[in-house]
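So the sequences go chain by chain: A and B.
Quick note: to get our numbering, add 5 to the position in the first sequence (first position is 1).
Quick note: to get our numbering, add 1 to the position in the second sequence (first position is 1).
Think of the CB as a built atom: it goes at the ideal place given N, C-alpha and C, for glycine as much as any other residue.
Single-structure report; data block below.
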Amino acid sequence: MELTEQFILLQAPNPAAAENGRKLSKKGSFSAHRRAADDTLYWAECAGSGKNPYRVSIDFTNRDTPTCRCSCPSRQFPCKHALGLMFEILGAKPFETADIPQDIAEKRAKQAARTAKKEAAADGPEKPAAPKKPNAAARKKKLAKQLEGLDMAEKMVDDLLTSGLGTLAGSSAQTFDKLAKDLGGCYLTGPQTAFTRIALTVRRVQKDPAQADAAYAEALRLLVALRSTIKKGRAFLSERLEAGNFSAEDSALFEALGGVWKLEDLKAIGSFKENARLVQLSFDVSFDEAKKEYVERGWWMDADTGELWQTLNLRPVKALKYVKGDDSRFGLLEVPALYIYPGEGDRRVRWDSASARSLTAQEQAALPALAQPDLAAAVKLVKGKIKNTLAPKFLAVLAPIGRLGKIGEEFVLEDPKEARILLRSRPEDGADHACVERLSMLPKEIPAESALFGLMFYDGRDRALCLHPYSVVTRSEIIRLQY
Amino acid sequence: MNLQPLYDVKERLEYAAIAGVSLLGEDFRLQRAVEGLKPLAAASPVFAKIDAGLTKLLAAPPEQRPGLLLDVLALVDAVAYTQAKTEVEGELEPLPTGGGRYYPISYGQIQPLLTALTTTGGGRMETIKSAWENHPEFFEDYRVLPAVVAGLGDSYGEIAELNAKLLQRLGPSVVPTLKKGFDPAGKKEMARRVEVVAVIEGENAAPWLREVLPQAKKDVRAAVITALGGDSGNAGLLLDLAKAERGKNREAALAGLALQDGEAVRDFWEAELEKNGDSIRFLGDSRTDWASDLVARRLWDRMEEILARKESLSNPAVIELRQWFSATLGKSSPSMLDFWRWTDARLADIDHLRGEKEQRIGFGTELTALLLESLCLAGPGPLCALCLELWEKHRNQTRYLSHAVVAALMTRSAAEVYDTFSPYVLTIKPLLGGEQKKAFHNAVLKGLGRLTRDETTGVYRVDGTWPAAQPLDGRWVKRLTHAVWKTTGQRTSTGYGGNIEEYDKILMCLLDPSDEENRRLVVAHLREQVAAGCCMYNYCRDIFRLGGDPVGVLGPAMQKHSNTIYLSHVLDLLAQAQERLPPAQVVQMAKELFVVKAYQPGNQGLVRKAYPHIIAALEAGKAVPSFETVRNMG
Chain A
6 MELTEQFILL QAPNPAAAEN GRKLSKKGSF SAHRRAADDT LYWAECAGSG KNPYRVSIDF
66 TNRDTPTCRC SCPSRQFPCK HALGLMFEIL GAKPFETADI PQDIAEKRAK QAARTAKKEA
126 AADGPEKPAA PKKPNAAARK KKLAKQLEGL DMAEKMVDDL LTSGLGTLAG SSAQTFDKLA
186 KDLGGCYLTG PQTAFTRIAL TVRRVQKDPA QADAAYAEAL RLLVALRSTI KKGRAFLSER
246 LEAGNFSAED SALFEALGGV WKLEDLKAIG SFKENARLVQ LSFDVSFDEA KKEYVERGWW
306 MDADTGELWQ TLNLRPVKAL KYVKGDDSRF GLLEVPALYI YPGEGDRRVR WDSASARSLT
366 AQEQAALPAL AQPDLAAAVK LVKGKIKNTL APKFLAVLAP IGRLGKIGEE FVLEDPKEAR
426 ILLRSRPEDG ADHACVERLS MLPKEIPAES ALFGLMFYDG RDRALCLHPY SVVTRSEIIR
486 LQY
Chain B
2 MNLQPLYDVK ERLEYAAIAG VSLLGEDFRL QRAVEGLKPL AAASPVFAKI DAGLTKLLAA
62 PPEQRPGLLL DVLALVDAVA YTQAKTEVEG ELEPLPTGGG RYYPISYGQI QPLLTALTTT
122 GGGRMETIKS AWENHPEFFE DYRVLPAVVA GLGDSYGEIA ELNAKLLQRL GPSVVPTLKK
182 GFDPAGKKEM ARRVEVVAVI EGENAAPWLR EVLPQAKKDV RAAVITALGG DSGNAGLLLD
242 LAKAERGKNR EAALAGLALQ DGEAVRDFWE AELEKNGDSI RFLGDSRTDW ASDLVARRLW
302 DRMEEILARK ESLSNPAVIE LRQWFSATLG KSSPSMLDFW RWTDARLADI DHLRGEKEQR
362 IGFGTELTAL LLESLCLAGP GPLCALCLEL WEKHRNQTRY LSHAVVAALM TRSAAEVYDT
422 FSPYVLTIKP LLGGEQKKAF HNAVLKGLGR LTRDETTGVY RVDGTWPAAQ PLDGRWVKRL
482 THAVWKTTGQ RTSTGYGGNI EEYDKILMCL LDPSDEENRR LVVAHLREQV AAGCCMYNYC
542 RDIFRLGGDP VGVLGPAMQK HSNTIYLSHV LDLLAQAQER LPPAQVVQMA KELFVVKAYQ
602 PGNQGLVRKA YPHIIAALEA GKAVPSFETV RNMG
C-alpha cells in the first residue's frame, strides 16, 4: 500500500468526512506529531471543541487496512481526526520518532493475539466444519410461502395484462403497489422490485407522454423477465421442496427471487477464484428508484484472463449513513479470494480482503490484448447472452479499436478488421451516464493497439446493437470517460 | 431475410399488452401481422415456433392469454436481439481531440466538482474554490474543463466570474476548448469566453476576434469590440465600428480607440469630443501625448469660458466637469503642464465657482488633490518638475508641499529630500504659529505617506509602483519618532475593532527593520502608544513583528481600559507572543493582562474563573488554549 489521497478517500465513510479531515490538517489543528521507528504507527493530538485535544493514531501494521484509533466520541469510522492525521502524513509533516504509548501498545498486542488465534485456527488441522443445521421446517415453510407468492405474482401479471398496462394509474396503481408490497411478505423481494419498477415506468408515461414508447417497451421487458422468473422460479422451488433441499444453489434464480448471497454460501457452492488480479476499468453511481438505494458499480477486468466482472455496493437511502460508499480504484488489486455470484454475463464479484498496488508498465501494456479478438466475436457473445429472458439487456465488453470516428452525428467504432458498431449512451442509464460525446474531447489521439471498454446493448429504436463506451484502454493508461 | 413481419408482430403484441389482452381477438392488425409471418415460419424453425405460439395465443381462452402473450413476446424479443443490426455504412470522419489533459480522478473527487459546476443551488462556490485550492490540475481534466467553460454562463454571476478567473489562470491550454462550439450570437457565456481568450492570448487573439466579429451579436459583440481595443493594430477597424455601432458596442469601440494612436484617431477624438463631451470618460486611461494635449486644451477652454461667464454651475455641468478633471490623471504632455500652470494662476477664481444653490464647490482644492494623484500615477517625469516648480513658487503655503515631497522622493537624492523637507517636521515645540507649522508638518507626512517599503525587495515605492530615486534617508524615522506632533489627525480602523494612527502606519511603512537603531526607536514608540491606551492588539502585533515585546506596558494599558477588552483577542495575542517570545515573557504578559475590569462584561466571569488556569498552563510550558477550550472551562 502506498499512502495516496485516493487511499485516504477510500477509507473515509463519506466524502464530507474526508473533506473535514483535510480542513483540520490545513488549519493546523494537529500537534505533538509522533511516529514509531518502524513507521507502522503514527499518532498526534488534534484540537477539538473540548477542553483536551483528541488523541488520534493510525496503525499501519496491516498496510492495506490501517487501524484508526481516536479518543473523540464520533460514531463515524474512521473519524475526521483520523482522516486528518492521514492527510498530515501525506503532507509530509514532520513526525518525531518516539516510543509507542503504553495504551496503544496494549491494544496492538490484543489485536495481534486475535489475529494470531484466527490464523492458527485457519492453518490448523482441518476440522470438519460442523454442518450448519438448517431449520428444515422453517425452510420448508418459506419455500411454500414463496410458491404461494409466485401464484399471487402470476395473478397480478395476468390482471395487469388483461386490463392493459395503460390502465395502471390512480387507484389501480395504488392497489398494484399494495399487492407488490405483499410479495415482500412472501420472501419474493425480486418480483416485488420488478412490479415496483413496472409501476414507476408506467408512471413515467403519465408524467411525460413523449416517452411512452420507450417506457412501455421497458415495462414489457420487465414483464417478460418477470413471467420467466415466475415460471422458472416455480419449477425451481417445487423441485427443491420435493427434494427436501434447502441449501443455496448455484443458480441465478436464487437472486432473481430475492435471495441474498453470503460469502460463505458462495464459497460453499465453489463459486470463487483464488489469487485474482483485478484492474478497474470504470466506476459509476446511479439511483435505483424502485429499491430506493444508490448503486455504486465498478467494472473490473481480470488482468490474467480478461474476464469482466462487476462490483455493486448498494446503499439504501434509509441506511446511507451506515453503509460506507465505494469509489473509483486505480492500479491493480490483488485479491486472495474472489467470490463470484452465480449467473451469466456480467457476474457480480465480492471479496473480503485485497491489497492494492500500481500497475507496472508491462502489466498495463498487456491489458488491451485481453480484449475480444474482434467486434464480430463480441457481438456474437452479447447476442447469445441478452436473448436469455432473465439476463440484463446489456453486456460488458472490451473491444479492440481500429478507428474511432463519426458518421454524420453518430459515433462509430471500427475494429482492426473494419467491422463497425454504433457508439451510443444507453438511454436507460440516464443523462448522468451519457459520456459518448467525451470521445471527441479526449486530450490526445488514441494510440494503436488500444481497446474500448463499454456496455453492448440492444437499442429498440432502430433495432441496432450499440456500444455505450466507458473507457479507453491503451498500452500506457486507462482513460475513463466517466469516473 | 426481410424481418419486417417479425417486427410487425412484435409491435401488435406490445400494443395488445398496453391496451389489454381482452381485446386481442378483435385486433385485425394482429391477425394480419400473424398472416405476414407465415412465409418466414415456413422457412425457419424459430419463426415456426413463434407462429405456433401466436396461433395458440389467438385460440386461447381469455384467462390464459396474458401468460401466452408474454411467452410469445419473449421469443420474438430473443429473435429480435439475435437479428440486431451492427453494420454502419458511410465515410468515417476521424474524431477531433479536445483541450485539457486526463488525470486519474476518483468519483469522490470529480463528481462533487462536476455537480457544483453544472447544477444550481447553494454551496457550489465553496466546492469549486476548495477543489481549486487542493487540486488546480483537476480543472484541466478533459471531463472538467468543458464544464468550467460552460460554467461561464452560470446563472449565479459570481460563479461565472470565478470560472473566468480560473480559466485565465490555467492559461493557453484552455483556449481550444473555449473556441470549440463558440457561438458568436450567444449570450453572456460566449461574451465571457471572448474576455478569457483575449486575456490569455493578448494581441494574438486579434485574428480570431476579427473572424468572429461579423457574426457576433449583443453581449458577445461588445466583448469582441472591447477585446479588439487591446491591440494597437486595430485602430482602423475600431474607427469604422465607432461610426457604425450604437449603444454598448459603440462605447466598447470608444474605450478601445482611447488606447490607440495615430492621426486618424486624434481627428476622430477631436470631432467626438466636439459633439459629445461625455465621451471624455473614455480618455481617462489613455497616456498618449495627443490625448493629454486634447484633454488639456479642451478643459482649459471650458474653464476659461466658465470663469468668463461668472455664473453658477448646474449640477450636470459640475458632473461633466469632474469627468474632464478625471481625464487629466496621469497625463503629462507640455499642454497639460501649461494647463496646470494656468490653473495655479487662476486658483482663486476657480475656488470661487459656485453650484446651482450658490454653494461653494471647492474645485480649487479638488484640482490640487487631483494633481497629487496625477503625479503618483504618472511617476518620475515632467509632472515632478512641475510640482517642484509650483511648490517653489508658493513655499509659504502648504498647497503643493505634499506634491513636492513625492516629486522629490522620485527624482532627488535621499539626503536632499531629507535636508529640504525634514525642517517642516518639528522636534521642538514652536512658541509661535503652532497651527500653521502643524499644517506644514501634516503636508510633509501626507507626501511621505505615499511611500512604502516593499518587505521582500527592500525597495521604496510611491503608491507601491514607482521606485524612489534612492532608499529613504534613515534620519527620517529618527526625526519622526522625536516629532512634536506624532499624529496627522487621521486614524485607520483595523481588525479587532480598533484603530491605528495614520502617523504610526506611515512610520511602519517607512521603517527599514534592518536599521537596528531605528527599529528600537519605533518599538519604543509603539510601546508608548500601547501604554497610552491605543488598540493593544494591533500595536502588539507590530511590536512582535519588529522583534520587541510589550512586557511592562500592558499592565498600565489594561488599567486604562474598562469593559472593552475581548478575552478571545487576548488569547490570540498570547498565542502570537508564544510564537515569538521566550516562555517567561509570555507568562509575564499573561499576568499583566489579568485585569478583570478591563474585559467585556460578558467575559469578566470567565476571566475570573479561567484566567488562573491559563497562566498555570503557560507556566507549565503548554500552548495557549483556544477560546472554545477556555469557554468550556467556564
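Residue i, DSSP secondary structure in three states
i, result
"B/Thr493", "strand"
"B/His442", "helix"
"A/Pro448", "coil"
"B/Met2", "coil"
"A/Ala404", "strand"
"A/Ile274", "coil"
"B/Tyr401", "coil"
"B/Val597", "helix"
"A/Pro321", "strand"
"B/Trp486", "coil"
"B/Ala297", "helix"
Residue-level contact to chain A via CB, residue i, 8 Å cutoff
i, result
"B/Thr369", "no"
"B/Gln5", "no"
"B/Asp78", "yes"
"B/Lys86", "yes"
"B/Ala49", "no"
Buried/exposed call for residue i, threshold 16 Cβ in 10 Å
i, result
"A/His86", "buried"
"A/Ser430", "buried"
"A/Ser455", "buried"
"A/Ala281", "buried"
"A/Arg545", "With chain A covering only 6 through 488, there is no way to say anything about residue 545 of chain A."
"B/Arg222", "buried"
"B/Asp302", "exposed"
"B/Gly203", "exposed"
"B/Arg30", "exposed"
"A/Thr120", "exposed"
Rounded straight-line distance, which links the Cα of residue j to that of residue i
i, j, result
"B/Gly435", "B/His395", "20 Å"
"A/Arg302", "A/Tyr346", "15 Å"
"B/Asp550", "B/Leu527", "10 Å"
"A/Leu228", "A/Leu395", "11 Å"
"A/Leu380", "B/Ala75", "26 Å"
"A/Ile412", "B/Pro95", "9 Å"
"B/Pro381", "B/Ala408", "7 Å"
"B/Gly237", "B/Asp352", "42 Å"
"B/Leu14", "A/Gly348", "29 Å"
"A/Gly389", "A/Asp464", "16 Å"
"B/Thr482", "B/Thr399", "22 Å"
"B/Pro40", "B/Leu58", "19 Å"
"A/Ala97", "B/Gly101", "29 Å"
"B/Ala624", "A/Pro58", "11 Å"
Any chain B beta carbon closer than 8 Å to residue i
i, result
"A/Phe335", "yes"
"A/Val265", "no"
"A/Val322", "no"
"A/Glu454", "no"
"A/Thr167", "yes"
"A/Asp163", "yes"
For this session: Evaluate the contact criterion for the segment 442-456 of chain A versus the segment 113-131 of chain B: three or more CB pairs, one atom per stretch, below 8 Å.
Result: no
Exercise. Does the segment 382-389 of chain B come close enough to the segment 418-431 of chain B that 3 or more CB-CB pairs lie under 8 Å?
Worked result: no
For this session: Evaluate the contact criterion for the segment 550-565 of chain B versus the segment 512-521 of chain B: three or more CB pairs, one atom per stretch, below 8 Å.
Result: no
Problem set entry | the segment 352-372 of chain A contacting the segment 138-155 of chain B, beta-carbon criterion three pairs below 8 Å | no
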